[in-house]
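Chemist: Under the UniProt record's numbering, the residue at position 402 of the sequence shown is numbered 402, and the numbers go up by one with no gaps. Every residue, glycine too, gets a C-beta built ideally from N, C-alpha and C. Remember, predicted model here, so these are calculated numbers, not experimental data.
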Amino acid sequence: MESASNSFVSQKSYHTFGLRSSLSSINAGADGKFRFPLGRAMAPELRNEPKLVHGEAGYVLEDVPHFVDYIPDLPTYPNPLQDNPAYSVVKQYFVNIDDTVAQKIVVHKSSPRGTHFRRAGPRQKVYFESDEVHACIVTCGGLCPGLNTVIRELVCGLSHMYGVSRILGIEGGYKGFYARNTVHLTPKSVNDIHKRGGTILGTSRGGHDTSKIVDSIQDRRINQVYIIGGDGTQKGASVIFQEIRRRGLKVSVVGIPKTIDNDIAVIDKSFGFDTAVEEAQRAINAAHVEAGSVEHGIGVVKLMGRYSGFIAMYATLASRDVDCCLIPESPFYLEGKGGLYEFIEKRLKENGHMVLVVAEGAGQELIAESMRSMDHEDASGNKLLLDIGLWLSQKIKDYFSSKKKMTINLKYIDPTYMIRAIPSNASDNVYCTLLAQSAVHGAMAGYTGFTVAPVNGRHAYIPFYRITETQNKVVITDRMWARLLSSTNQPSFLSQNAIEEAKKEEEPPTQLLEGENSTNHHDEELFSSANQPNFLSHNATEVAKKEEKPPTQLHEENGVANKPSGCCFRWCSSISAM
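Next up, the structure:
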């Protein structure tokens with residue numbers, strides 16, 4: 001934790017950040033849009049400015065808020081993990097206070113060190129005693145594989161690692177705060193929920209009333225709030241944090257990003273994405289069987305992806321049976337030379353059948369004006385889209401019927417709700433465990449107003465504004481999209497001018513390098529999650545610790561660690577701690 005008096009801290013404000021003034025009194029209407037109540041002025045001193053720490057060689061830490069930023073003289077306590085049997089074999093109990101995670105890991109030798117985020121993990125000092133903690137968990141927005149796993153691991157992490165016993169589940173999304181729908185959560189009550197899809201707490205869109213939510217938090221004396229949801233939910237969490245800070249409450253607000261579309265910026269990927277891609281294979285395989293069983297068969301599969309086509313792209317690459325993939329980021333046209341109709345006709349003549357995958361947000365501009373609903377939104381502010389799958393299927397049928405070139409047999413499959421309603425797979429279950437435990441560590445350490453997620457394979461604490469200011473999208477000038485085009489052997493459907501315009505767009509946040517894992521599988525997290533003994537004798541534990549000398553530990557005074565001599569900021573440690 002950086003002290004507020006640290007000479008390296010620079011509270012800079014840029015024009016874009018200056019617009020993020022305190023939104024504490026903003027409420028959301030039925031249409032999901034935030035509005036300022038009349039007659040209430042916002043406190044100018046609470047502008048949501050970035051908390052920047054500058055170091056040598058172009059190093060910049062985009063830090064997250066901490067209790068000490070607005071509540072002075074808070075007591076700290078030793079982290080109970082140092083007495084936890086699950087952590088007794090860990091060489092380094094706690095994350096080094098200066099450990100940060102680089103946003104970009106592919107650089108030139110002369111490049112500045114660039115933007116970093118605070119590394120997630122347990123700290124040597126905590127700002128809550130176990131019996132003081134009163135936590136709550138809420139899920140908002142659409143369903144996604146892994147929601148129940150995150151809920152389970154938050155409860156078990158709080159209980160098994162920190163001895164917390166008071167944990168509430170807020171039912172029905174944000175509106176559950178002031179509707180007073182709650183359920184007491186214990187490790188026993190959530191033991192098997194990861195085997196089920198959906199969320200045991202229920203969910204909803206909209207319902208965000210900042211004043212009512214924070215009043216409820218204050219009345220119930222809740223001091224840790226875990227909010228699971230997509231970018232709209234995280235925006236709401238940021239507003240809640242601003243109001244809590246304005247009131248000077250010792251309440252940690254932690255976001256856990258959830259979107260099946262994988263469209264949250266900065267982070268490697270969102271939980272549930274791997275499960276969605278895996279489940280999409282079943283639909284694609286069914287379409288391939290149907291198309292290949294008849295003459296001139298066409299299988300059309302619509303997958304989720306309102307603004308980002310990651311599910312469609314990765315499912316296509318994994319399948320090897322797809323002949324064409326259409327996503328929102330890559331425009332396409334139907335008629336004329338090089339168009340979709342021409343490609344379908346060519347592929348049918350070559351192979352006798354074809355499979356087409358389309359993301360739900362693709363081709364919306366092609367739908368006739370009378371059929372469009374682009375100006376309508378749901379309660380979360382998302383644009384309501386027409387069914388591109390049905391529309392495109394009918395257009396393909398009409399084209400071949402009118403041209404009388406060949407008789408086709410088209411089957412349309414829409415597995416949208418099947419994909420998002422299933423339990424998470426093994427990979428996502430592990431990922432959800434790490435997310436939940438990282439969130440708990442951050443809240444106990446006094447951090448607030450942040451989202452936890454992996455950046456280049458290391459879990460980090462990211463300020464809310466960084467993940468809500470833009471969306472993660474497929475870059476059609478990137479190698480991954482080129483790999484897909486090579487795999488399907490489909491045309492890009494782009495003119496040269498469109499390609500040049502795409503290349504001029506701002507460089508996207510660095511994604512996880514190919515071949516690297518997006519999560520680190522740590523034995524200590526397994527022990528904690530299962531709440532099992534490690535079965536090691538004291539001698540065996542000491543021998544294991546001596547095999548590799550751990551990094552120098554930092555000593556803390558009054559909850560603030562001292563930097564080691566001669567070291568301004570450390571690169572990410574290679575020791576496996578979140």
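Assuming G207 is part of the alpha helix (DSSP H), what are its boundary residues?
Modeler: The sequence position of residue 207 within the sequence shown is 207, counting from 1. It is not in any alpha helix (DSSP H) - G207 carries neither H nor E in the DSSP assignment.
Chemist: Whose C-beta lies closer than 6 Å to the C-beta of Q82 among residues of the same chain, with five residues either side of it excluded?
Modeler: On the sequence shown, position 82 is the one that residue 82 refers to. Here the set comprises Y93.
Chemist: Can K101 and V430 be called in contact, C-beta distance under 8 Å?
Modeler: The residue labelled residue 101 in the question sits at position 101 within the sequence shown. The residue labelled residue 430 in the question sits at position 430 within the sequence shown. Reading off the sequence shown, one finds Val at residue 101, where the question assumed Lys. No.
Chemist: Using three-state DSSP, classify C140 as helix, strand or coil.
Modeler: Position 140 of the sequence shown, counted from the start, is the residue given in the question as residue 140. Coil.
Chemist: Counting pairs of Cβ atoms below 8 Å between the stretch 275 to 295 and the stretch 455 to 470, do you hit three or more?
Modeler: no
Chemist: Report the three-state DSSP secondary structure of residue 588 (helix, strand or coil).
Modeler: As displayed, the chain neither begins before 1 nor continues past 578, which places residue 588 out of reach and without an answer.
Chemist: Taking S270 as the reference, give the member of L434, V155, E132 and R119 with the closest Cα.
Modeler: Within the sequence shown, residue 270 is the residue found at index 270, counting from 1. Each of L434, V155, E132 and R119 was checked against the Cα of S270, and the nearest Cα belongs to L434.
Chemist: Per the contact definition of three or more C-beta pairs closer than 8 Å, is the stretch 244 to 255 in contact with the stretch 291 to 300?
Modeler: Segments in contact, no.
Chemist: Can you confirm whether K109, when its beta carbon is compared against all beta carbons of chain C, has any partner nearer than 8 Å?
Modeler: Given the protein chain composition of this structure (a single chain), no chain C is represented.
Chemist: Using only the alpha-carbon positions, how far apart do E132 and Y70 sit?
Modeler: Position 132 of the sequence shown holds residue 132. Position 70 of the sequence shown holds residue 70. One C-alpha to the other measures close to 20 Å.
Chemist: For G146, which residues of its own chain have a beta-carbon under 6 Å away from its beta-carbon, when the five flanking residues on both sides are left out?
Modeler: In the sequence shown, counting from the first residue as 1, residue 146 sits at position 146. Apart from sequence neighbours up to five positions away, the residues of its chain that approach G146 with a beta-carbon distance below 6 Å are F271, G272, S424, D428 and C432, ordered along the chain.
Chemist: Leaving out five residues on either side along the sequence, give the residues of the same chain with a beta carbon under 6 Å from the beta carbon of K212.
Modeler: Here residue 212 is taken as the residue at index 212 of the sequence shown, counted from 1. Cβ neighbours of K212 beyond the five flanking positions: Y178.
Chemist: Considering only their Cβ atoms, is the gap separating A312 from C325 smaller than 8 Å?
Modeler: On the sequence shown, residue 325 is found 325 positions in, with the first residue counted as 1. On the sequence shown, residue 312 is found 312 positions in, with the first residue counted as 1. Going by C-beta atoms, C325 is nearer than 8 Å to A312.
Chemist: At which residues does the alpha helix (DSSP H) containing V355 begin and terminate?
Modeler: Along the sequence shown, read from residue 1 onward, the residue named residue 355 stands at position 355. No alpha helix (DSSP H) contains V355, which is instead part of the beta strand (DSSP E) from H353 to A359.
Chemist: Using the Cβ count rule (16 or more neighbours within 10 Å means buried), how would you classify Q394?
Modeler: Locating residue 394 in the sequence shown gives position 394, where the first residue counts as 1. Result: exposed.
Chemist: For L334, which three-state DSSP category applies?
Modeler: Locating residue 334 in the sequence shown gives position 334, where the first residue counts as 1. Of the three classes helix, strand and coil, the one that applies to L334 here is coil, per DSSP.
Chemist: Locate the beta strand (DSSP E) running through F450, then write down its first and last residues.
Modeler: Numbered from 1 along the sequence shown, position 450 holds the residue referred to as residue 450. Here the beta strand (DSSP E) through F450 covers F450 to V455.
Chemist: CA-CA distance, I217 and N223?
Modeler: Your numbering for residue 217 matches position 217 in the sequence shown. Your numbering for residue 223 matches position 223 in the sequence shown. Between I217 and N223, the C-alpha separation is close to 8 Å.
Chemist: On the DSSP bridge assignment, give the partners of V474 in chain order.
Modeler: Position 474 of the sequence shown, counted from the first residue, corresponds to residue 474. BP columns for V474 are empty, so no partner.
Chemist: DSSP on G255, reduced to helix/strand/coil?
Modeler: Taking the sequence shown and counting its residues from 1, one reaches residue 255 at position 255. Three-state result, G255: strand.
Chemist: Taking the continuous alpha helix (DSSP H) assigned at G389, which residues delimit it?
Modeler: Here the question's residue 389 lines up with position 389 in the sequence shown. I388 to K403 is the span of the alpha helix (DSSP H), which, as asked, contains G389.
Chemist: Looking at T451 and Q234, is the spacing between their C-beta atoms short of 8 Å?
Modeler: Your numbering for residue 234 matches position 234 in the sequence shown. Your numbering for residue 451 matches position 451 in the sequence shown. Their beta carbons are under 8 Å apart, which means Q234 touches T451 by this criterion.
Chemist: Under 8 Å between the Cβ atoms of L61 and H116?
Modeler: Residue numbering aside, residue 61 sits at position 61 when the sequence shown is read from its first letter. Residue numbering aside, residue 116 sits at position 116 when the sequence shown is read from its first letter. In this structure, L61 lies near H116, with their beta-carbon atoms less than 8 Å apart.
Chemist: Could you check if M406 is buried or exposed, using at least 16 other CB atoms within 10 Å of its CB as the buried criterion?
Modeler: Along the sequence shown, read from residue 1 onward, the residue named residue 406 stands at position 406. That one is exposed.
Chemist: Do you know how far the Cα of T203 is from the Cα of E56?
Modeler: Walking along the sequence shown from the start, residue 56 turns up at place 56. Walking along the sequence shown from the start, residue 203 turns up at place 203. When rounded, the distance between both Cα atoms is 45 Å.
Chemist: Inspect the beta-carbon positions of I267 and I467 and report whether they are closer than 8 Å.
Modeler: The sequence position of residue 267 within the sequence shown is 267, counting from 1. The sequence position of residue 467 within the sequence shown is 467, counting from 1. Going by C-beta atoms, I267 is nearer than 8 Å to I467.
Chemist: Alpha carbon to alpha carbon, what distance is there between V251 and V155?
Modeler: Here residue 155 refers to the residue found at position 155 when the sequence shown is read from its first residue. Here residue 251 refers to the residue found at position 251 when the sequence shown is read from its first residue. Spanning the two alpha carbons is a distance of roughly 18 Å.
Chemist: Per DSSP, what kind of secondary structure is L484 in: helix, strand or coil?
Modeler: For the purposes of this step, residue 484 is taken as residue 484 along the sequence shown, with counting starting at 1. In the structure shown, L484 adopts helical secondary structure according to DSSP, grouped into three states.
Chemist: So is the beta-carbon of V106 under 7 Å away from any non-hydrogen atom of the ligand GDP?
Modeler: This structure simply doesn't include the ligand GDP, nor any ligand for that matter.
Chemist: In chain order, what residues of the same chain lie with their CB nearer than 7 Å to the CB of D274, ignoring the 5 residues before and after it?
Modeler: Along the sequence shown, read from residue 1 onward, the residue named residue 274 stands at position 274. Hits under 7 Å: N425, S427 and D428.
Chemist: What does the Cβ neighbour count give for A436, buried or exposed, with the cut at 16 atoms within 10 Å?
Modeler: The sequence position of residue 436 within the sequence shown is 436, counting from 1. Counting Cβ neighbours within 10 Å, A436 comes out buried, since at least 16 surround it.
Chemist: Could you tell me if D478 is buried or exposed, where buried requires 16 or more neighbouring beta carbons within 10 angstroms of its beta carbon?
Modeler: Residue 478 sits at position 478 when you count from the first residue of the sequence shown. When all chains shown are included, D478 counts as exposed.
Chemist: For G305, which of helix, strand or coil comes out of DSSP?
Modeler: Here residue 305 refers to the residue found at position 305 when the sequence shown is read from its first residue. Looking at G305 - three-state DSSP - the assignment turns out to be coil, as it is neither helix nor strand.
Chemist: Within 10 angstroms of its Cβ, does G336 collect 16 or more other Cβ (buried), or is it exposed?
Modeler: Numbered from its first residue, the sequence shown carries residue 336 at position 336. The residue in question, G336, is exposed, as its Cβ has fewer than 16 Cβ neighbours within 10 Å.
Chemist: Could you pull the start and end residues of the alpha helix (DSSP H) that A286 belongs to?
Modeler: The residue you call residue 286 lines up with position 286 of the sequence shown. Start and end: F273 to G292.
Chemist: What would DSSP say about Y178, mapped onto helix, strand or coil?
Modeler: Taking the first residue of the sequence shown as 1, we reach residue 178 at position 178. Of the three classes helix, strand and coil, the one that applies to Y178 here is helix, per DSSP.
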